[in-house]
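Taking it in order: structure first as structure tokens, then the write-up.
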Amino acid sequence: MTAASGVGYEDESMEAYCREGARKAMNLGNRGPLRFTADGKLHPAILDAYRRCGFYVFEDVISAEELAEMEADFFAMVDRFPTEPGALVDPEGRPAIGTDHDAPCIVWSKPLGDPFGGTAVSKSRHPVKMHEPKAAAALPEKIVAGVLGTMQYMDAALRLHAHPDLLRIAAALNGDDFTPLVEAVAIKKPGEGPSIAWHQDGMTHWDSPDWHPEIHGFNFMPQLYRSTAANGVWYLPGSHRLGKLDIKAMVDAAGTERLPDAVPLVCEAGDVCVSNRQIVHGSFANVSPDWRVTFNMGALIRKAVLGASGAGMIREHEVRYDEAMIRERCAWIGYAIDARRRHRPDEEAFVYKPHADSGETFVWDEAAREAIRGYNKRDLII
Ligand SMILES: [Fe+2]
467 MTAASGVGYE DESMEAYCRE GARKAMNLGN RGPLRFTADG KLHPAILDAY
517 RRCGFYVFED VISAEELAEM EADFFAMVDR FPTEPGALVD PEGRPAIGTD
567 HDAPCIVWSK PLGDPFGGTA VSKSRHPVKM HEPKAAAALP EKIVAGVLGT
617 MQYMDAALRL HAHPDLLRIA AALNGDDFTP LVEAVAIKKP GEGPSIAWHQ
667 DGMTHWDSPD WHPEIHGFNF MPQLYRSTAA NGVWYLPGSH RLGKLDIKAM
717 VDAAGTERLP DAVPLVCEAG DVCVSNRQIV HGSFANVSPD WRVTFNMGAL
767 IRKAVLGASG AGMIREHEVR YDEAMIRERC AWIGYAIDAR RRHRPDEEAF
817 VYKPHADSGE TFVWDEAARE AIRGYNKRDL II
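Heads up: the sequence shown begins at 467 in the working numbering, then just goes up one per residue.
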């Protein structure tokens, strides 16, 4: 693997920062193939490295065949993007995705912009505005930086979210009764993909007496293409253990948004990074020639969700999560498992223990597809 494979930096100092960050990232000792113990727990060396660093790169998790399905579905979805914010049709005049329900769908940004830094979005968790390189003049004013509720627009994403290895990791880290959080695809098109300003994902439990380094759960980050220092997420290793941090003070102290101790996520297509939601992370605008497409999929500890109140990016007002809301949102795990089982009948399907215990069964069919339009209004965000 070439550590800093993406080229096309804005300046030489950025190139040096990327090169040095990638070198440090490759020496962290937090990557390798997925390994479980005989009783189904994650291998202790993986757990130790994940808990030390706050992220872990599982190599070669998604098969080439599945990646090809994801790529085809991804670009079919891209073809159906609305032409501009508020538009109801795609460039061919067909109904655009997300226009048949009232849940949020598209995340727009100025090309190479920073849509969240310094704004009140998600409880103002992105306090510092990032540098916005100048984009090509011919580009539209707004481009699509992400899609929320991905499973309803891409069958391959639905099936990916029932990948048995991923769900085994979720059970190992968050308990057999883990819950989903949000599914979203992050899109970093070359020359367009925006910066996501430094932030910590967690929003609800920082001051809780039960706080611990994993209480806000984690995100899976399966990569459709290679993730490089130039287009990938950057992390501040170990910061997930330090509580809520003053990111503005950190940037001020460094005198630059290029935090000196941060490292990039460097990995190949088909690798899956597991990323603690409390780690300080962010990304720079993608001036490299390489696409990054990441299928984010969160997993939470049920005990941390029940009774918590959250809004996130999708609701105007906070709601308090009760047993019924959690049960309703977890139905998606059942639908995804059934969709995957039908598509890959030779693969051993994951058994989600809460459904096995309750006897609930889920059938992925056209009625289910209809019933779940706008499902991400029910996302569990803490
Ligand atoms: Fe994040």
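For every residue, glycine included, the Cβ atom is placed at its ideal position computed from N, Cα and C.
So is Gly-764 buried or exposed if we call it buried at 16+ other beta carbons inside 10 Å? Here Gly-764 is buried: its Cβ has 16 or more other Cβ atoms, across all protein chains shown, within 10 Å.
Where the beta strand (DSSP E) containing Gly-748 begins and where it ends: For Gly-748, the enclosing beta strand (DSSP E) begins and ends at 747-749.
Using a Cβ-Cβ cutoff of less than 8 angstroms, which residues in the same chain neighbour Arg-844 once the five nearest sequence positions on both sides are dropped? So the list reads Met-791, Glu-794, Arg-795, once near-sequence residues are dropped.
Check this for me: beta carbons of Gly-668 and Arg-743, under 7 angstroms apart or not? The answer is yes: Cβ separation under 7 angstroms.
Return the CA-CA distance between Gly-495 and Ala-515, expressed in angstroms with no decimal places. Between the alpha carbons of Gly-495 and Ala-515 lies a gap of roughly 7 angstroms.
Taking C-beta to C-beta, are Cys-578 and Ala-751 nearer than 7 angstroms? The question names Cys, but residue 578 in the sequence shown is Leu. Yes, Cβ-Cβ distance for Leu-578 and Ala-751 is below 7 angstroms.
I believe Asn-762 touches Ala-652 by the beta-carbon criterion, under 8 angstroms. Please report the beta-carbon distance rounded to the nearest angstrom. Right, the Cβ-Cβ distance comes to about 6 angstroms (below 8 angstroms), so this counts as a contact.
With hydrogens ignored, establish whether the beta-carbon of Asp-667 is closer than 6 angstroms to any heavy atom of ligand 1. Checking the Cβ of Asp-667 against ligand 1 gives yes.
Whether Asp-539 touches Met-620 by CB criterion (7 angstroms): Yes, these two residues count as a Cβ contact at 7 angstroms.
If contacts are defined as beta-carbon pairs under 8 angstroms, then Asn-842 and Ala-569 qualify, I think. What distance do you get, rounded to the angstrom? Contact flag correct, Cβ pair sits at about 5 angstroms.
Can you tell me whether Phe-541 is helix, strand or coil according to DSSP? Reduced to three states, the DSSP call for Phe-541 is helix.
Strand pairing of Glu-649, partner residues [DSSP]: For Glu-649, which the question treats as bridged, DSSP gives the partners Met-763.
Would a C-beta distance cut-off of 7 angstroms place Val-746 and Trp-664 closer than the cut-off? Yes, the pair counts as a contact, with Cβ atoms nearer than the cut-off.
Bounding residues of the beta strand (DSSP E) (the contiguous stretch that carries Leu-711): First-last for Leu-711: undefined, no H or E at that position.
Distance, Ser-824 Cα to Asp-756 Cα: Taking the straight line joining both Cα atoms gives about 46 angstroms.
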